[in-house]
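Student: Here it is, the structure, as structure tokens.
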Amino acid sequence: MGKYLVLWEVDQARIPIDPKERSQGWGLLMAMVRQDMAKGLTKDWGLFVGERNGYAINEGTELEVMNGLQQYVPFCSFTVHPVGTPDMTEEMIKALSG
60 MGKYLVLWEV
70 DQARIPIDPK
80 ERSQGWGLLM
90 AMVRQDMAKG
100 LTKDWGLFVG
110 ERNGYAINEG
120 TELEVMNGLQ
130 QYVPFCSFTV
140 HPVGTPDMTE
150 EMIKALSG
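Count along the sequence shown from 1, then add 59; that gives the number in this note's numbering.
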């Protein structure tokens with residue numbers, strides 16, 4: 060199982076102008092985020108204040124993370140970075156020393 064830093068951005072063209080419609084859209088997004096957190100796929104999630112983007116920390120296999128993110132398409136786009144743990148970093152250091 061891996062850990063992934065997910066940077067997400069909501070597609071500006073899909074954000075409704077009407078505040079009530081916008082509120083409903085964000086409500087649906089948050090329901091999906093909460094569901095992913097309850098499943099254990101998303102460990103942390105945040106919105107960058109005053110922006111339409113943010114981050115998440117996801118854990119799972121590559122396939123689990125890919126499948127989980129697809130539910131947000133086409134409303135969000137993602138940049139995903141695999142994260143190395145301290146143990147992995149120490150293994151890398153050992154490998155460097157021969």
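In this text, a Cβ means the ideal position worked out from N, Cα and C, and glycines have one as well.
Alpha carbon to alpha carbon, how far is ASP77 from GLY84?
Tutor: Computed Cα separation, rounded: 11 Å.
Student: Please classify THR148: does DSSP put it in a helix, a strand, or coil?
Tutor: The answer is helix: DSSP assigns THR148 an H, G or I state.
Student: For the alpha helix (DSSP H) containing LEU106, list its first residue and its last residue.
Tutor: LEU106 -> not in any alpha helix (DSSP H); beta strand (DSSP E) instead, spanning 101 to 106.
Student: Using 10 angstroms around the beta-carbon of THR148, count the other beta-carbons present and answer buried if the total reaches 16, otherwise exposed.
Tutor: Exposed: under 16 other Cβ atoms inside 10 Å.
Student: In this structure, what does DSSP give as the bridge partners for THR138?
Tutor: DSSP output for THR138 lists LEU66 as bridge partner(s).
Student: Measure the alpha-carbon distance for PRO145 versus LYS79 and round it to whole angstroms.
Tutor: Approximately 45 Å between the Cα atoms of the pair.
Student: Decide yes or no for the touch test of the segment 111 to 128 against the segment 60 to 73: beta carbon pairs closer than 8 Å, at least 3 of them.
Tutor: With the cut-off at 8 Å, the segment 111 to 128 and the segment 60 to 73 touch.
Student: Return helix, strand or coil for GLY119, following the three-state DSSP convention.
Tutor: GLY119: strand per DSSP, three-state reduction.
Student: If I measure Cβ to Cβ from GLY105 and keep anything under 7 Å in the same chain, skipping five residues before and after, which residues do I get?
Tutor: Closer than 7 Å at the Cβ level, and outside the excluded window around GLY105, lie GLY113 and TYR114.
Student: Run through DSSP, which three-state label would GLY127 get?
Tutor: Note: GLY127 maps to helix in three-state DSSP.
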